[in-house]
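Under the UniProt record's numbering, the sequence shown has 195 at position 195, and the numbering climbs by one with no breaks.
The C-beta atom is built at its ideal place from N, Cα and C for all residues, glycine as well.
Worksheet for the structure shown next.
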Amino acid sequence: YLGISILADFDSFQDVVVKIERSAYHKPFLGGFKNSITGVEFHNAGSQTVPKKRPDRGIQLFCRETQTVFEKNKPQQTRNTTSTQMTKIGLYVSNTTDKLISPGKYLTAEEYHKRRLEAVIVLQTYFRRWHAINVVQHLREEKSLRLAWEAEEELRKKEEKEEKLRREHERRLNPKTKEDFELLYHALELWRQEETERINRTFTGAERKAAFCGLLEQEAQLIASIGRHKLNANEENQQKAILHFLDKCAQPKRWKAYNGKITEMDTQYTLRARELFEIYRSISMDGIPKDERMDILSTLRRTVKEHECKLTREIVELIDREVDLMLREVKKCNLEGLRKRICTLFLQYVKTPKFNPEVARILKVPTDPLKLYKNVNFCHSCENYLPSTEFPVPANSRTIGRCRLCCKLDNEAQRREALSKYKLILKNLRKSEADYQENSKIVFLVQLQDLQYMIENIWGCQSALSACSDLYDLVMVRWDKRCEWSPWNTVLLTKDEADAHLKLCNLQEAYEAAFIHRIKQKHIWAENYFAQIPAMTSFLHRRDNQANAN
Numbered sequence: 001y002l003g004i005s006i007l008a009d010f011d012s013f014q015d016v017v018v019k020i021e022r023s024a025y026h027k028p029f030l031g032g033f034k035n036s037i038t039g040v041e042f043h044n045a046g047s048q049t050v051p052k053k054r055p056d057r058g059i060q061l062f063c064r065e066t067q068t069v070f071e072k073n074k075p076q077q078t079r080n081t082t083s084t085q086m087t088k089i090g091l092y093v094s095n096t097t098d099k100l101i102s103p104g105k106y107l108t109a110e111e112y113h114k115r116r117l118e119a120v121i122v123l124q125t126y127f128r129r130w131h132a133i134n135v136v137q138h139l140r141e142e143k144s145l146r147l148a149w150e151a152e153e154e155l156r157k158k159e160e161k162e163e164k165l166r167r168e169h170e171r172r173l174n175p176k177t178k179e180d181f182e183l184l185y186h187a188l189e190l191w192r193q194e195e196t197e198r199i200n201r202t203f204t205g206a207e208r209k210a211a212f213c214g215l216l217e218q219e220a221q222l223i224a225s226i227g228r229h230k231l232n233a234n235e236e237n238q239q240k241a242i243l244h245f246l247d248k249c250a251q252p253k254r255w256k257a258y259n260g261k262i263t264e265m266d267t268q269y270t271l272r273a274r275e276l277f278e279i280y281r282s283i284s285m286d287g288i289p290k291d292e293r294m295d296i297l298s299t300l301r302r303t304v305k306e307h308e309c310k311l312t313r314e315i316v317e318l319i320d321r322e323v324d325l326m327l328r329e330v331k332k333c334n335l336e337g338l339r340k341r342i343c344t345l346f347l348q349y350v351k352t353p354k355f356n357p358e359v360a361r362i363l364k365v366p367t368d369p370l371k372l373y374k375n376v377n378f379c380h381s382c383e384n385y386l387p388s389t390e391f392p393v394p395a396n397s398r399t400i401g402r403c404r405l406c407c408k409l410d411n412e413a414q415r416r417e418a419l420s421k422y423k424l425i426l427k428n429l430r431k432s433e434a435d436y437q438e439n440s441k442i443v444f445l446v447q448l449q450d451l452q453y454m455i456e457n458i459w460g461c462q463s464a465l466s467a468c469s470d471l472y473d474l475v476m477v478r479w480d481k482r483c484e485w486s487p488w489n490t491v492l493l494t495k496d497e498a499d500a501h502l503k504l505c506n507l508q509e510a511y512e513a514a515f516i517h518r519i520k521q522k523h524i525w526a527e528n529y530f531a532q533i534p535a536m537t538s539f540l541h542r543r544d545n546q547a548n549a550n
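Written as structure tokens, this is what we have:
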């Protein structure tokens, strides 16, 4: 409480007691200022009147701090008092401006909704027509693109087939490689079989024997012709083989880093081999001018005189003889024998590890005689001791048979099979497995004879889907692409079918049960054949263990 005196009259004061109440609520800040010298803050005054509490109406109220305005539209019908005046006795009202209004047909709710439905159906009809036109146009465009692609594919396949036939015809006319001569002998065998069937079907008795004698003479002539082509091809391929051998010696050392980058390094031996390779290629060229030939011979002379031996002295003597004959203006045709002799002796010089150390790692015959006793086998057919690399050993073989040359001669004399198609399939298979980068091993254990057995006996030389029998268009791929390739996880398909097969995720949904059962039967057949091979049994056991674990 606080007592104060107030002026009651002009000359009198009255004491009044004022009750002060301490408010419990926080005084609001109404602004103010601060003395910058003393630091005292002065606030604007506010009344101490306690806010009046609203009476409780029994309704829970919520305070909204936002200023959101809620608007609500509600139609209202207000009263509108009107009056009319009609004609009566004593009053005339003109009706010239009046309008005659007649009520229309009453529309029920059912009729209204029916009319709306009919309008919606009309709209849907036009929209569906527009949508169908777009869909048909899109399908027509896709069809045209598909037909164009099929036409291009058909044209491409036709061109590839024509190119393949043209290439085979060219290979038969001008054979150069072993595969070309295999193709020739295979064609000769087919022709002999056709002629034999024709003779057996047409002639009998003495005429049949005479026809067979004539067929034998024709076959002998054709074999002699093939032999002459082989001699010519050997002469052409010999020089290419020599250049390839020397180029292989001159290649730098290569190794692959952890990031996949190839690093190359030249050593003193590779540089020496490259120098000798360039000299040999220069002296074996024909048609070069006389001055250049003199420079090449002088370079050769300086190179071989670095080592003193019987071979180098003979080369120097031949070089001096050719230089002397060239100075005497001898014709080039008379110098061919001398130049071939120089090339032969210099090649012998290059193949000597003493003069070209890099050649030692490529020579088939090692310089150390003790190494000849390692990995050497005896061929019972030609009775020669040859390295193990000269013997084709099938995966199911338990002994060393004949060498490659004897097998080749036996094939040319009796069976005359063309194995180039199987070699192409095996090459494509190994390349595709190498692209997976899963360290596949089984595909490199399978030899050409094993693959031939699988294709001919198990798969019948045809695609499992389309029964295409063109081996040039067939490839072997994984049956289940998640597992490593093996004879029991493979399928023979065309190239297009193989591309589509490798894109499948679920084989059970893509193929019928009968087709899958037929493929599984072929896999069991392959398992029984390769189970006899010791190298394959470990993979079979590992697969069985994985299946049991799963």
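Reduced DSSP secondary structure (H/G/I, E/B, other) of residue i
i	result
residue 324	helix
residue 400	coil
residue 14	strand
residue 91	strand
residue 307	coil
residue 319	helix
residue 348	helix
residue 357	helix
residue 472	helix
residue 422	helix
residue 506	coil
residue 298	helix
residue 341	helix
residue 537	helix
residue 411	helix
First and last residue of the uninterrupted beta strand (DSSP E) at residue i
i	result
residue 263	262 to 265
residue 128	Premise fails: residue 128 lies in the alpha helix (DSSP H), 109 to 173, not in any beta strand (DSSP E).
residue 443	Element bounds for residue 443: not the beta strand (DSSP E) but the alpha helix (DSSP H), 442 to 445.
residue 201	Element bounds for residue 201: not the beta strand (DSSP E) but the alpha helix (DSSP H), 178 to 202.
residue 254	253 to 256
Residue i Cβ short of 8 Å to the ligand COA heavy atom set
i	result
residue 295	Questions concerning the ligand COA fall outside what the structure shown contains, since it holds no ligand whatsoever.
Environment of residue i [buried if 16+ CB atoms lie within 10 Å]
i	result
residue 249	buried
residue 265	exposed
residue 356	buried
residue 589	In the structure displayed, the chain extends from 1 to 550; residue 589 sits before or after that span and is not available.
residue 593	This structure cannot speak to residue 593, because the chain is shown only from 1 to 550.
residue 160	exposed
residue 403	buried
residue 469	exposed
residue 522	buried
residue 85	exposed
residue 102	exposed
residue 412	buried
residue 442	buried
residue 312	buried
residue 202	exposed
residue 277	buried
residue 140	exposed
Which residues DSSP lists as bridging residue i, in chain order
i	result
residue 478	490
residue 378	385
residue 33	42
residue 4	16
Cα-Cα separation, residue i to residue j
i	j	result
residue 195	residue 181	21 Å
residue 303	residue 362	22 Å
residue 388	residue 197	42 Å
residue 485	residue 437	12 Å
residue 509	residue 175	49 Å
residue 289	residue 323	13 Å
residue 519	residue 459	9 Å
residue 295	residue 338	17 Å
residue 55	residue 61	12 Å
residue 255	residue 261	8 Å
residue 330	residue 316	19 Å
residue 347	residue 319	14 Å
residue 537	residue 527	9 Å
residue 40	residue 34	6 Å
residue 273	residue 251	9 Å
residue 281	residue 243	7 Å
residue 137	residue 491	40 Å
Where the alpha helix (DSSP H) through residue i begins and ends
i	result
residue 525	513 to 530
residue 228	206 to 249
residue 278	268 to 283
residue 448	448 to 453
residue 286	Counting along the chain, residue 286 falls outside any alpha helix (DSSP H), and DSSP gives it neither H nor E.
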